[in-house]
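Novice: Take this structure first; my questions come after.
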Amino acid sequence: MVGLALQHDEIVLRLVASVAPMAIVCLFLLWLRPTRRVLCGVILATVWACVTILIVNVVAIAVGWWSFGANGQIAGVPVDLIFGWALLWGTTPSIVASRFPSVRLIPTLIATVITMVTIDALFMGRFEPVVTLHKSWLIGELVNVLVVLLPATTLGIATARDSYLYLRVAIQVVGFTLLMGYVVPTIVFSVDGGGWTSLVHRHFWAWVACGVFVVLGGAIGLQAVAECAISGRGTPVPFDPPKHLVCSGPFAYVSNPMQLGGSAVVFTWGLMIGDGWVLATLLLLFGIVMLMSTLTEHRELTERFGAEFAMYRGQVRAWWVNWRPCCVSVDPDQCAVLTVSPGVISSIVCAFLSRLALGGLRYVVGPERVPVRSGVFIYESLVVRAIGVAALLRALDHANLALALLGWIFKCGPAGLPQWSCRTTITNREEPANESKASYGYSLSP
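Going left to right, the sequence shown walks through residues 24 to 469 as our numbering numbers them.
Okay, here's the thing in structure tokens:
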């Protein structure tokens with residue numbers, strides 16, 4: 024009888040942990056009736072919360088912050104608790120914040136943290152035996168706030184308000200990487216009984232080959248994401264897309280660089296794990312994402328950009344990478360400009376550039392255009408301005424695929440995205456009234 028009572032209590036607690044957050048979310052949705060953009064932020068925040076809650080709880084079990092006594096688990100974490108926790112910490116704050124659009128981000132985050140930590144402090148201890156708190160559970164709570172709550176709320180609010188573009192792009196990239204690199208394989212392992220131990224036994228040269236493909240594919244994909252943010256003023260997510268047609272960077276060589284680079288990374292990682300079901304699941308999920316993007320992208324871009332997009336797709340194909348960049352302008356006024364200050368380094372650079380057929384780029388040497396503190400190189404197109412190393416790397420985008428790829432790899436180095444670090448500044452200039460929506464260093468003139 025005691026066992027049946029405990030089992031009954033566990034079922035009730037698990038229902039409360041999943042149904043209560045779901046009911047709260049539904050009530051807020053019916054009451055606040057959020058806009059489409061707010062819903063986009065809510066979806067992204069919820070996905071981030073699901074991904075990171077699983078990871079944090081796996082760590083919590085390993086180090087002893089708390090433990091779970093329930094069945095139906097993924098890596099020792101009950102699925103329904105992940106879902107309920109994600110709704111409470113990911114979905115709810117983003118919906119509620121939409122009710123107060125005039126409140127700045129930092130005060131909103133502070134209020135959210137206080138509210139959610141208070142809820143956990145009041146109710147987590149009451150969920151035993153489903154969740155058993157240990158002495159150091161407050162450390163885990165702090166990690167949860169830093170890893171789950173703050174990024175999820177920031178992503179949801181920033182997407183809804185169309186602010187903090189670079190920050191939300193970074194969160195999206197990290198979230199997608201964690202989802203495909205860890206969460207999906209972990210879910211498959213919980214079904215087929217596999218594990219991560221196979222990676223330990225991989226040969227050194229297998230890791231080297233994996234690193235090469237991941238670096239190449241990752242450089243293409245990450246630089247395409249960066250180009251969406253820098254030139255397009257948007258993100259790679261279909262419901263938070265760039266505001267302008269992007270045809271520079273990797274998009275000047277292939278029309279789907281994110282899918283191309285991502286598929287290379289996903290396939291390589293699946294092979295390294297060595298589990299057939301993991302590889303098949305990763306490819307299936309990535310294929311679904313690509314299919315959904317393909318079905319909607321062409322129609323939406325045609326509606327938004329019309330002839331400009333048609334001309335771009337006439338020169339660039341999907342999955343087939345051009346050796347030379349497309350959208351090269353014959354009009355000097357539409358070309359990007361690389362300004363080089365006089366000096367020994369400048370002479371070497373100019374000699375190197377003179378041997379390259381730079382499409383859509385001209386370079387000039389003149390001290391009058393180079394501020395003393397700006398570095399040696401300045402790259403300027405209609406909306407993008409780069410200084411120093413980033414200027415030279417952007418110039419390589421106009422040469423050929425090999426040199427452009429070298430630049431993309433460098434931009435995705437240990438410093439993160441070097442266009443935002445290491446004496447590099449890239450900003451978006453005001454758009455002239457007569458500017459073409461697709462003119463980002465590569466004009467669409469045939």
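Even for Gly, the Cβ is constructed at its ideal location relative to N, Cα and C.
#1: Would you list the one or two residues that DSSP bridges to F91?
#2: In three-state terms, what does DSSP make of A359?
#3: So, L132 versus T75, is the Cβ gap smaller than 8 Å?
#4: So, using beta-carbon positions, are A181 and L173 closer together than 8 Å?
#5: In whole angstroms, give me the CA-to-CA distance for N80 and M147.
#6: What did DSSP end up calling F400 once you bin it into helix, strand or coil?
#7: Quick one: Cα of V86 to Cα of G99, how far?
#8: Run through the region 113–140 for me and flag every whole alpha helix (DSSP H) of 4 or more residues, listed as ranges in chain order.
#9: Using the three-state DSSP reduction, which class does P44 fall into: helix, strand or coil?
#10: Pick helix, strand or coil for Y386, following the three-state DSSP scheme.
#11: Using the beta-carbon count (16 or more within 10 Å), is R59 buried or exposed?
#12: Exposed or buried, what is A68 when buried is set at 16 or more other beta-carbons lying within 10 Å of its beta-carbon?
#13: In the DSSP assignment, what residue or residues form a beta bridge with P101?
#14: In whole angstroms, what is the alpha-carbon distance linking G430 and A359?
#15: Determine, using beta carbons only, whether A409 and L384 come nearer to each other than 8 Å.
#16: Could you say which of L169, P101, V136, G299 lies nearest to P152 if we only look at CA atoms?
#17: Please report the Cβ distance between A40 and L104, rounded to the nearest whole angstrom; I am assuming they are in contact, meaning their Cβ atoms lie under 8 Å.
#18: In terms of alpha-carbon separation, which member of S316, G297, I118, A249 lies closest to L55?
#19: Alpha carbon to alpha carbon, what distance is there between G284 and L381?
#20: In or out: I34 buried (at least 16 other Cβ within 10 Å) or exposed?
#21: If you compare alpha carbons, which of G310, A249, L268, F433 is closest to V192?
#22: Nearest-angstrom Cα distance between G297 and F290?
#23: On the CB-based measure, 16 or more other CB atoms within 10 Å of its CB, does A330 come out buried or exposed?
#24: Given this structure, state the Cα-to-Cα distance separating S286 from P208, to the nearest angstrom.
#25: Relative to the C-alpha of L165, which residue among S121, M139, L306 is closest?
#26: Quick one: complete alpha helix (DSSP H) runs, 4+ long, within the region 218–302?
#27: Could you spell out the range, first to last residue, of the alpha helix (DSSP H) harbouring L178?
#28: Using CA coordinates, which residue listed in G272, V223, D263 is at the minimum distance from A425?
#29: So the alpha helix (DSSP H) L426 belongs to, where does it begin and stop?
#30: Decide if the region 332–348 is in contact with the region 265–279; the criterion is three or more beta carbon pairs, one per stretch, under 8 Å apart.
Specialist: Let's see:
#1: DSSP lists V154 as partners of F91.
#2: DSSP places A359 in strand when its eight states are reduced to three.
#3: No, the pair does not count as a contact, with Cβ atoms beyond the cut-off.
#4: No; because the gap between Cβ atoms is not below 8 Å, this pair is not in contact.
#5: Here the C-alpha atom of N80 lies approximately 14 Å from the C-alpha atom of M147.
#6: Strand, per DSSP.
#7: Straight across, the Cα-Cα distance linking V86 with G99 is about 13 Å.
#8: If only uninterrupted alpha helix (DSSP H) runs of at least 4 residues are considered, those enclosed by the region 113–140 are 115–120.
#9: The answer is helix: DSSP assigns P44 an H, G or I state.
#10: In the displayed model, Y386 falls within a strand according to three-state DSSP.
#11: Classification of R59: exposed, given that the 10 Å Cβ count is below 16.
#12: Classification for A68: buried.
#13: Looking at the DSSP assignment, P101 forms a beta bridge with Q96.
#14: Whole-angstrom Cα-Cα distance: 17 Å.
#15: The Cβ-Cβ distance between A409 and L384 does not fall below 8 Å.
#16: Of L169, P101, V136, G299, the smallest CA-CA separation from P152 is found for P101.
#17: Contact flag correct, Cβ pair sits at about 5 Å.
#18: Ranking the options by Cα distance to L55, first place goes to I118.
#19: Their Cα atoms are separated by approximately 24 Å.
#20: It is exposed - the Cβ of I34 has fewer than 16 other Cβ atoms within 10 Å.
#21: In this structure, A249 is the residue among G310, A249, L268, F433 with its C-alpha nearest to the C-alpha of V192.
#22: Taking the straight line joining both Cα atoms gives about 11 Å.
#23: So A330 ends up on the exposed side.
#24: So the alpha carbons of these two residues sit roughly 16 Å apart.
#25: Here the closest residue by C-alpha is M139.
#26: Fully enclosed alpha helix (DSSP H) runs of no fewer than 4 residues occupy 227–253, 280–296 of the region 218–302, in order along the chain.
#27: 173–184 is the span of the alpha helix (DSSP H), which, as asked, contains L178.
#28: Of G272, V223, D263, the residue nearest in Cα terms is G272.
#29: Per DSSP, L426 belongs to the alpha helix (DSSP H) from 424–434.
#30: Yes, the region 332–348 is in contact with the region 265–279.
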